[in-house]
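Per the working numbering, the very first residue in the sequence shown carries number 22; after that it's consecutive. Beta carbons are placed, not taken as given, at the ideal position from N, Cα and C, and that holds for glycine. First up is the structure itself, then whatever we jot down about it.
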Amino acid sequence: MLMILMPLISLPLLSKSWFISSSFLLLSIPFVLISFTNPYPWTTTMSSLFSVDLMSSTLIILTLWISSLMIMASYKIKHNHNMPKNFIIMCLSLSISLILTFSSSNLFMFYIFFETSLIPILILILTWGYQPERLQASMYLMMYTLTASLPMLVMIFLIYSKNNHLSFLMSSWLSPFPNMMNIWWFILILAFLVKMPMFSLHLWLPKAHVEAPVAGSMILAGVLLKLGTYGLMRMSLIFTFMNKQSSSIITPLALWGAVVTSLICIRQTDLKALIAYSSIGHMGILLAGILSSTEWGWQGAMAMMIAHGLSSSALFLLANTTYELTHTRSIFLTKGMIIVFPTLTLWWFIATAANMAAPPSINLLSEILLITATLSQTTYLAIFLMLLSFLTAAYSLFLFASTQHGATTSTSISLPPLNSSFFLNSTLHLVPIFLLILKPELICNWL
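Next comes the structure, spelled out in structure tokens:
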């Protein structure tokens, strides 16, 4: 892991840091793939505080992949001389903090880097955001995250006082409050539920996505939301008995919220807001799978994390490309793009098909596993799952049909051509979604 982190720190000092940073992040992935060949469940790579297993290695690869693509998608910042070196520093700082978060084998170190990742994304939104409302969006993001994280810090200290260690490598942890199990467990995982985010704790997400630059939206949807699911899965592996007690309350709320946000998507007119609300729906069914505490549920959760990370990041890339061409995010003002840019329509179709879990994408496999795991706990949730599957397809088709078909508006006349970096970026986003279905055990068999 040091072979990856040390060069990352020095990359902004190079004169051609933009191209080299994007290339180095991609070329670092083979070093992480070495951990897939290790026969032991944990491989200590730095110290007793930092270790990786198959789950963390997969998410580190996702971080490197999305980080490279977000730098590639933000070339306009370099072209306009909008503080490009500072932008690279923020992107690499965010990548390093995410890699260290996924590599932490100590709960306290995990918390430190979990919170550290908030600083670069706030700077990205405040400095390179589009509208004055980015100040409000940053305030929402900071207040939600810190308000939920401070109680978690208190619980970490209480867990340490009870166990005398915070290592994920030790499977035997004692509960700090045996008589108040549900209360302390909810306080501990509240920060993860906000980061995912779960419905009713999600108000910061649409605001942050709408005001963030394309790089902020891509890394936020692709990786940062996965910090919540990763942390919840790590703690669930230690306190496995707690999911059974809390799932009867949290799972119906998460699925009901997923249905509500899917209905909101159908009524959205802003491209980025629609994609942001769709992430809340996907995180709802992912949360239900984790709380099922079944092997299928956790395998499906891992597959959904990778599938959603790639597909949602691709959708934000396409939304930003459409915005740069038409200078609007309104669905009603971007009609008829199939006439002007038929190749762009092809990428929109592939991305929306993956978002609605159409075969042969890895999204379909993840939803099958998650739905099966959820129904194995109770069949009463079938109505929510049916509505969610239908509404996901409905708003995905609505998004595609509204932007690509219809009469061409005046904003679509005499638009500049698409550049080659967009096609490369779209290919690197969407092709892995369909290739992973050929060997899904790469991301599913981490248990």
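Where does residue i sit, in a helix, a strand or coil, going by DSSP?
| i | result |
| --- | --- |
| S397 | helix |
| F71 | strand |
| S188 | strand |
| A236 | helix |
| S313 | coil |
| M217 | coil |
| L222 | coil |
| A212 | helix |
| A372 | helix |
| W194 | coil |
| H426 | coil |
| K265 | helix |
| M19 | A query on residue 19 cannot be resolved here, the shown segment of the chain reaching from 22 to 468 and no further. |
| L439 | coil |
| P490 | It is not possible to answer for residue 490, since the shown part of the chain is limited to 22 through 468. |
| F444 | helix |
In the DSSP assignment, what residue or residues form a beta bridge with residue i?
| i | result |
| --- | --- |
| S351 | D291 |
Check the C-beta distance from residue i over to residue j and give it rounded, since I have them as a contact under 8 angstroms.
| i | j | result |
| --- | --- | --- |
| P381 | F455 | 6 angstroms |
| M93 | N446 | 5 angstroms |
| V280 | L179 | Not confirmed; about 36 angstroms, so no contact. |
| T250 | M326 | 6 angstroms |
| V53 | S78 | 5 angstroms |
| L418 | L365 | About 17 angstroms separates the two Cβ atoms, so there is no contact after all. |
Complete runs of the alpha helix (DSSP H) confined to the segment 104 to 176 [at least 4 residues] = Complete alpha helix (DSSP H) runs here, min 4: 105 to 124, 128 to 137, 139 to 149.
Item to complete: Would you check if there are 3 or more beta carbon pairs closer than 8 angstroms linking the segment 266 to 280 to the segment 226 to 244?
Response: Note that the segment 266 to 280 does not touch the segment 226 to 244; fewer than 3 beta-carbon pairs, one per stretch, sit closer than 8 angstroms.
Next on the checklist: With a threshold of 8 angstroms, are at least 3 pairs of Cβ atoms found where one atom belongs to the segment 127 to 144 and the other to the segment 240 to 247?
Outcome noted: Counting Cβ pairs under 8 angstroms, three or more are found: they touch.
Q. What runs of the beta strand (DSSP E), each 3 residues or longer, lie entirely inside the segment 318 to 346?
A. Counting whole runs of 3 or more residues, the segment 318 to 346 contains no beta strand (DSSP E) stretch at all.
Just checking, does the segment 308 to 316 make contact with the segment 361 to 371 on the three C-beta pairs under 8 angstroms criterion? Because the criterion of three Cβ pairs below 8 angstroms is not met, the segment 308 to 316 and the segment 361 to 371 do not touch.
My parser needs the alpha helix (DSSP H) runs of 4 or more residues fully inside the segment 75 to 101; what are they? Segments of the alpha helix (DSSP H) lying fully in the segment 75 to 101: 75 to 94, 96 to 100.
Subject >> At least 3 beta-carbon pairs within less than 8 angstroms: the segment 285 to 295 vs the segment 332 to 351 >> reply: Touching, per the Cβ criterion.
* Report yes or no: do the segment 373 to 392 and the segment 297 to 306 share at least 3 C-beta pairs separated by less than 8 angstroms? => A contact exists between the segment 373 to 392 and the segment 297 to 306.
Give a yes or no on contact between the segment 145 to 163 and the segment 202 to 215, applying the rule of three or more CB pairs nearer than 8 angstroms.
No, the segment 145 to 163 does not touch the segment 202 to 215.
**Message:** When you compare the segment 311 to 320 with the segment 380 to 399, are there three or more beta-carbon pairs, one atom per stretch, that lie closer than 8 angstroms?
**Reply:** These segments touch.
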